[in-house]
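I have placed the structure first, in the form of structure tokens, so that the comments after it can refer back to it.
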């Protein structure tokens, strides 16, 4: 087994490490075993990639781990990057070692589940491709908006989020303990904006 260097899946999918021995870490996205091979699709923040774990290429312990590991198990894969049109993204890692850092329990999310249930398992739901895709779109949109306003001379300001008293009469206050003192979440950014605009103009 050669000594591999740590890479991200996104780097492999860009073709930067074809033919090289690498190590990657991530979570199991899909998995199936056919005969003497386990096909484990792994995801990290940069993409998904298939790892092929052959019974005759890894230790018995490593192959059993690949067979046993369920979706969302945290894994480490060591092996050679090869181009393969049949694999997701056109590349795969032919493993010479496979380790499970943490065995996950049976994944509870299936299709057509209620929103109430998904909120109960939100720590898993936000890892889905749909949810991470939404956050990436939001990141891009907000980044573009911020860039536009900065290019046009606007300032981004952050007024206090915690205040010693309410700012709107008759409103329900959200009280918090602030180092032993009573405080409230601020209700009105506008009060600070009205003062700041006279000194900074474009906010």
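Residue numbers (the numbering used here): 13 to 215.
Virtual Cβ for every residue (Gly too), placed ideally from N, Cα, C.
Within the segment 34-84, the complete alpha helix (DSSP H) segments of 4 residues or longer fall at 72-80, listed in chain order. Here the segment 142-151 does not lie against the segment 112-119, with fewer than 3 beta-carbon pairs under 8 Å apart. Note that the C-beta distance between residue 75 and residue 63 is not below 9 Å. Here DSSP, grouped into helix, strand and coil, assigns residue 174 to strand. The three-state reading of DSSP puts residue 187 in strand, counting E and B together. In its chain, beyond the 5 residues on either side, 88 have a beta carbon closer than 6 Å to the beta carbon of residue 111.
Segment contact: the segment 79-95 against the segment 30-46, three or more CB-CB distances shorter than 8 Å; contact assigned.
The beta carbon of residue 83 lies closer than 6 Å to those of 40 and 119 in the same chain, with the five residues before and after it left out.
Residues of the same chain with a CB within less than 8 Å of the CB of residue 153, apart from the 5 flanking positions on each side, do not exist.
By the Cβ-count criterion, residue 105 is buried, with 16 or more other Cβ atoms from all chains shown falling within 10 Å of its own Cβ.
Sorting 176, 137, 71 and 23 by C-alpha distance to the C-alpha of residue 61 places 23 at the top.
Taking the C-beta atoms as reference points, residue 70 is found nearer than 9 Å to residue 107. Counting only runs of at least 4 residues, the segment 73-156 fully encloses the following alpha helix (DSSP H) elements, listed from N- to C-terminal order: 127-132 and 134-137.
In terms of Cβ geometry, residue 195 and residue 187 form a close pair [threshold 9 Å].
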